[in-house]
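*Asks:*
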Amino acid sequence: MEIKKQEETSKEALESIKNFFEADFQVKQQMALLMPEETELVDEESRIKYVDRLYKGVIAIEEKLKRTMVELKATTNISFDVESLIEQNKQKQFQKIAYTGYDYSSIKKLYREVVADLNLTKLEEGIKKEL
């Protein structure tokens, strides 16, 4: 009976780890899709719409990471504090988004800075270290 319970727990943990890496891949795809297209940068109105899309995309990515980590922590011994990492990054990202002008070069720079601040490498390293 105990062995069966351990096997179930191991299967759940493996499924959670698999889900984490799938979510990680999906997040990277979402990040790529958030890159501004030239048509989104032609005038101030389109740049404002792009910044709104970027803002909503960053929130969606952060929520996906949080949900995935809750599942991963519930089924494994991982204690990596992704929530605080995301929260720290969120403050920086939203300040950058809020204080960016709507000129072409600022918007291009904003994408690079906001996506870089998502810091998935740090998250992945923290998770792998505990696996």
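First residue of the sequence shown: 10, per our numbering; consecutive thereafter. Note that beta-carbon positions come from the ideal geometry of N, C-alpha and C, so glycine has one too.
Does DSSP put residue 66 in a helix, in a strand, or in coil?
*Replies:* Helix at residue 66.
*Asks:* Three or more C-beta pairs under 8 Å: does that hold for the region 20-37 against the region 53-65?
*Replies:* These segments do not touch.
*Asks:* Give the DSSP-derived three-state secondary structure of residue 40 in the structure shown.
*Replies:* Three-state DSSP puts residue 40 in a helix.
*Asks:* Evaluate contact between the region 41-48 and the region 101-109, counting only Cβ atoms and requiring at least three cross-stretch pairs below 8 Å.
*Replies:* Judged by Cβ distances under 8 Å, the region 41-48 makes no contact with the region 101-109, as fewer than three pairs qualify.
*Asks:* With H, G and I counted as helix, E and B as strand and the rest as coil, what does DSSP make of residue 88?
*Replies:* Coil, per DSSP.
*Asks:* Apply the 10 Å Cβ neighbour rule to residue 51 and answer buried if 16 or more other Cβ atoms are within range, or exposed otherwise.
*Replies:* It counts as exposed.
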